[in-house]
Amino acid sequence: MKSKFLRKVYGIVAVQLCFVTIVSTIMISIEPVKMFFQNHPGFFMLLFLATMVSLLAVYINRLEYPLNFALLALFTFFESLTMGTIVSFFDKILVLQALLLTAVIVVSLTIYTFQTKHDFSPMGASLYILLFVLVAGGFIQIFIRNPFMELCLAF
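Shown next as structure tokens:
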């Protein structure tokens with residue numbers, strides 16, 4: 001039962017990540033598309049708003065079987081356009097490095113999760129606090145540039 005659930009979740013996430021990767025690649029590679037999204041910041045805000053609204057709709061209808069998958073697909077569509085817009089501002093090599101690093105981390109954590117019997121559920125509060133510190137540190141880094149803080153956040 002647990003392995004069936006995990007396969008389903010990983011399958012959905014894999015499809016989402018592949019779709020985001022394809023859309024981001026298109027938005028980086030095709031110059032007119034790239035320039036359109038870079039030259040229209042209002043469109044980015046509209047995409048971001050659509051992403052948040054679709055995420056809320058997924059949450060509200062999470063138990064409604066056929067509807068929740070359709071809303072998840074809609075969320076994935078808007079999220080891929082939003083991510084594509086963001087990555088269009090960066091160099092292709094930098095985006096590729098981030099993609100490969102993320103893939104290595106996800107695959108490593110997945111292998112570790114399937115191999116270990118260690119349960120991370122009791123660590124929920126600690127992990128939440130660490131996430132909050134990471135987000136707060138990143139926010140502070142926006143206003144107060146510090147190379148040491150940047151190094152700490154990188155790890």
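Be aware that the sequence shown starts at 1, since it is given in the UniProt record's numbering, and climbs by one per residue.
Each residue gets a CB set at the ideal place from its N, CA and C atoms; glycine is no exception.
Do the CB positions of residue i and residue j come within less than 7 Å of each other?
{"i": "V58", "j": "F75", "result": "yes"}
What do you get for residue i, buried or exposed, if any count of 16 or more other CB atoms within 10 angstroms of its CB means buried?
{"i": "residue 171", "result": "Outside the modelled stretch of the chain, which goes from 1 to 155, sits residue 171, for which no answer is possible."}
{"i": "T51", "result": "buried"}
{"i": "F143", "result": "exposed"}
{"i": "T113", "result": "exposed"}
{"i": "T116", "result": "exposed"}
{"i": "L71", "result": "buried"}
Can you tell me the Cα-Cα spacing of residue i and residue j, whole angstroms?
{"i": "A73", "j": "L63", "result": "15 Å"}
{"i": "M27", "j": "V107", "result": "26 Å"}
{"i": "I12", "j": "A103", "result": "16 Å"}
{"i": "F48", "j": "F89", "result": "16 Å"}
{"i": "S54", "j": "A136", "result": "26 Å"}
{"i": "A154", "j": "Q38", "result": "27 Å"}
Does residue i come within less than 7 Å of chain B when only Cβ atoms are used?
{"i": "Y10", "result": "The chain labelled as chain B is not found in the depicted structure, where only one protein chain is given."}
Assuming residue i and residue j make a contact with CB atoms under 8 Å, what is their CB distance in whole Å?
{"i": "S80", "j": "V23", "result": "4 Å"}
{"i": "Q20", "j": "M83", "result": "The sequence given here places Val at residue 20; Gln does not occur at that position. Rounded, the Cβ-Cβ distance is 5 Å, consistent with contact."}
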